[in-house]
Amino acid sequence: MRLSELKRVLQESREVVGPECFGPGGESADVEIEDIAYDSRRVKNGSLFVAIKGTHRDGHNFVPEAIARGAVAIVGERFLQAGCDIPQLVVKNSRQALASLSASFYGFPSRKIKVIGVTGTNGKTTTTHLLFSILRRAGFGVGLIGTIYYRTLQRTLPAPVTTPESRDLQCYLAEMVAQGLDYAVAEVSSHALDQGRVREVDFSAAVFTNLAPEHLDYHASLEDYLQAKASLFRGLSPRSFACINIDDEAADSIMREVKARVVTFALKKEADISASIGTMSLSGTQFRLQTPSGDVSVRWGFLGRHNVYNALAAAASAHGLGLDVETIKKGLEAAEPVPGRLEKVDCGQDFTVLVDYAHTDHALRAVLSMLREITPGRILLVFGCGGDRDRSKRPRMGRVATELTDYFWLTNDNPRTERPLDIIEEIRQGINSRASYAVEPERRRAIEAALSSARSGDIVLIAGKGHEQRQVFKDKILAFDDREVARKMLNQKW
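Under the numbering used here, the first residue of the sequence shown is numbered 1, with each subsequent residue one higher.
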């Protein structure tokens, strides 16, 4: 693709305005673009390098490295290096430019595949996996983009972030189109929405799971966080549709943004898609799914009321796409367990060990409340809070642990650049004097203590990291998987 073609994309964009071209040939400069890169380390010969100013690093400072690696043109928010001998396009917003350029470079793939976006504080990962299973059961080819991995027809890649940068997202969508897939199911984070990563993605449907205080280290307020989520629905075209959890307090705010068709789902209120829960146990959940096209009984291995909400979100999406209720039922019941989401670690012990990603007070309360309902034994909890993340939730998580467990261990999550004991102290601000707990910063030891304390019929919940396979400190990254740590310890005793 020629630079002149990409320049035209920027000129025609409503939000990216006024690019200018410098270097040999001035405005007439033109080169062949073989790739687009926003990370100088990923530049190769023939790349267009887009310099983005991030939270911690400014891509404009890495232009010399990009040129040395073979970049043939630069896009940035300011003119760089007067002596530079390659063309430069100056734009007002590099992130928006990257999204527009990437969509064009990869042939606007979201116009050729149906993209379903799922957003919300909790439940995105499970909802996308359930919808993936339903669509597969219906005979469609489906790709998946989310917190755990990015999955196309021929490869599965570990996910560094929930929603990839726009260049990578468009690349994955283009790969799915080339493979003949029918659908792409994607988690859409508030960061991605705020930073324009999904700009130029034509969503066929968008799903809202719920909203709770989170990421307030990034968003200025809960209202800003809500507006970031709402922007996904604001951008839906009239030919698409939205699925909204109307039990959630934020539902009205979301629905005001929607000009597309709406499919509602709920457990408490009257909705298009609803359910009545029959039985819940450590073996799974049975519920009756109620839809406009009929009711069916669903029996599956997923635990808890919060997962029934996730099933309703997936069912609402499938219903909106025109799938029949029997196909939805079969897809839900065939869904594989989601890694790190109430994942059981069973080595023959006479108590239950669960590893879960719950890292917000809302998610932790949902999981612990469910466990309290279904177990006569004690609930033992191991958890911490991530460093360099929303600090406001730390005391709230301490409060939830105090209210809903019999004993808990405060430990490290991913401290990142913060002092672990400072994080733990902030969690302790929400713990009252009646709580039974211990402080053990070393996560491996905390898990060992919990497993050693467990008795027959107890539940040990190891929360916060779920599927993650590493632990991040200021000066090091360690291999660490809660599931493998627990499994190794249990195998030594059982």
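Virtual Cβ for every residue (Gly too), placed ideally from N, Cα, C.
Which residues does DSSP pair with residue i in a beta bridge?
i      : result
PRO158 : TYR149
GLU343 : VAL355
ASP458 : Answer is none; ASP458 lacks a bridge partner.
GLY301 : Answer by DSSP bridge pairing: none, since GLY301 is not bridged.
ASP58  : LYS53
VAL143 : The identity of residue 143 in the sequence shown is Gly, whereas the question assumes Val. ALA184.
ILE74  : PHE49, GLN88
Let me know the secondary structure DSSP gives residue i once reduced to three states.
i      : result
ILE67  : helix
GLU448 : helix
GLY294 : strand
GLY117 : strand
GLU175 : helix
LYS330 : helix
GLN492 : helix
GLN96  : helix
ASP168 : helix
ASP35  : strand
GLN88  : strand
ALA192 : helix
LEU289 : strand
ARG2   : strand
LEU216 : coil
SER47  : strand
VAL207 : strand
LEU323 : coil
ALA131 : Here residue 131 turns out to be Leu, not Ala, going by the sequence shown. Helix at LEU131.
ASN122 : coil
LEU80  : coil
With a 10 Å radius around its C-beta and 16 neighbouring C-beta atoms as the bar for buried, classify residue i as buried or exposed.
i      : result
VAL197 : Looking at the sequence shown, residue 197 is not Val but Arg. Looking at its Cβ environment, which holds 16 or more other Cβ atoms inside 10 Å, ARG197 is buried.
ASN414 : buried
LYS229 : buried
GLN477 : Going by the sequence as given, residue 477 is Ile instead of Gln. Exposed, because fewer than 16 other Cβ atoms sit within 10 Å of the Cβ of ILE477.
PHE79  : exposed
LYS329 : buried
LEU381 : buried
VAL43  : buried
TRP300 : buried
HIS538 : Because the chain here runs from 1 to 494, residue 538 falls outside it and cannot be looked at.
GLU214 : buried
HIS56  : exposed
ALA479 : exposed
ARG443 : buried
PRO376 : exposed
ASN210 : buried
PRO513 : With the chain running from 1 to 494 in the structure shown, residue 513 is simply not present.
Q) Fully enclosed by the segment 356-441, which beta strand (DSSP E) runs are 3 residues long or longer? A) DSSP runs (the beta strand (DSSP E)) wholly in the segment 356-441: 379-383, 407-410, 437-439.
**Q.** Every unbroken alpha helix (DSSP H) inside the segment 224-286 [4 residues or more]
**A.** If only uninterrupted alpha helix (DSSP H) runs of at least 4 residues are considered, those enclosed by the segment 224-286 are 251-255.
Q.
I'd like the ranges of any beta strand (DSSP E) spanning at least 3 consecutive residues and lying wholly in the segment 461-488.
A. For the segment 461-488, whole beta strand (DSSP E) runs of length 3 or above, ordered along the chain, are 470-472, 477-479.
Q | the segment 346-358 in contact with the segment 458-465 per 3-pair CB rule at 8 angstroms | A | Counting Cβ pairs under 8 angstroms, three or more are found: they touch.
Q) Three or more beta-carbon pairs under 8 angstroms between the segment 390-397 and the segment 367-379, yes or no? A) Because the criterion of three Cβ pairs below 8 angstroms is not met, the segment 390-397 and the segment 367-379 do not touch.
Q. On the three-pair Cβ rule with 8 angstroms, is the segment 189-205 touching the segment 303-314?
A. The segment 189-205 vs the segment 303-314: no contact.
Q) Three or more beta-carbon pairs under 8 angstroms between the segment 374-393 and the segment 446-464, yes or no? A) Because the criterion of three Cβ pairs below 8 angstroms is met, the segment 374-393 and the segment 446-464 touch.
Q) How about the segment 418-434 and the segment 224-239: do they share at least three Cβ pairs that are nearer than 8 angstroms? A) The segment 418-434, when compared against the segment 224-239, does not touch it at the 8 angstroms Cβ threshold.
Q. Three or more beta-carbon pairs under 8 angstroms between the segment 284-295 and the segment 319-334, yes or no?
A. Three or more Cβ pairs drawn from the segment 284-295 and the segment 319-334 lie within less than 8 angstroms of each other, which places the two stretches in contact.
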